[in-house]
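Student:
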Amino acid sequence: MKNKMSKAEEIKEVAMVSAIIADCITKPLYDEMQKQGHGYIDTIDTISQWAIEFVKTHKKTSWEDVLETGITPLSKEIKDIICYDDAVFDFAHYKLELMMK
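In short: position in the sequence shown from 1, add 988, done, that's the working numbering.
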């Protein structure tokens, strides 16, 4: 990601991360949210919050460097992180793991 994003670029980035997170964990997250008395809208809101957190956390990450060196996974689900998508998947699974504790 660029060091300095315009507001429009940041919104687009959050939307893309939200879509990736939703694609990989909506069902298990929704199931967990239902156990806690929440519904679908709360599930989608949680995904949005996690996407914002991911974008803020990785504002200065050099994905070219990650491609060469990787980064340490946070979750038990993902074994290697060598690209942007891997990092989003890992972050989503990590946040879900924390919620399910």
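From the three backbone atoms N, C-alpha and C, an ideal C-beta is built for every residue, glycine too.
#1: Met989 to His1046, Cα distance in whole Å?
#2: Going by beta-carbon coordinates alone, are Leu1084 and Ile1013 separated by less than 9 Å?
#3: Can you give me the C-alpha to C-alpha distance between Lys1044 and Ser1036, rounded to a whole angstrom?
#4: DSSP has Ile1069 in a bridge; who is on the other side?
#5: Please classify Trp1038 as buried or exposed, where buried requires at least 16 other C-beta atoms within 10 Å of its C-beta.
#6: Run through DSSP, which three-state label would Gln1022 get?
Tutor: Looking at the coordinates:
#1: Because the pLDDT of Met989 is 44, which lies under 50, any placement of that residue in the model is unreliable, and the number read from its coordinates should be weighed accordingly. One C-alpha to the other measures close to 8 Å.
#2: yes
#3: 12 Å
#4: Ile1059
#5: buried
#6: helix
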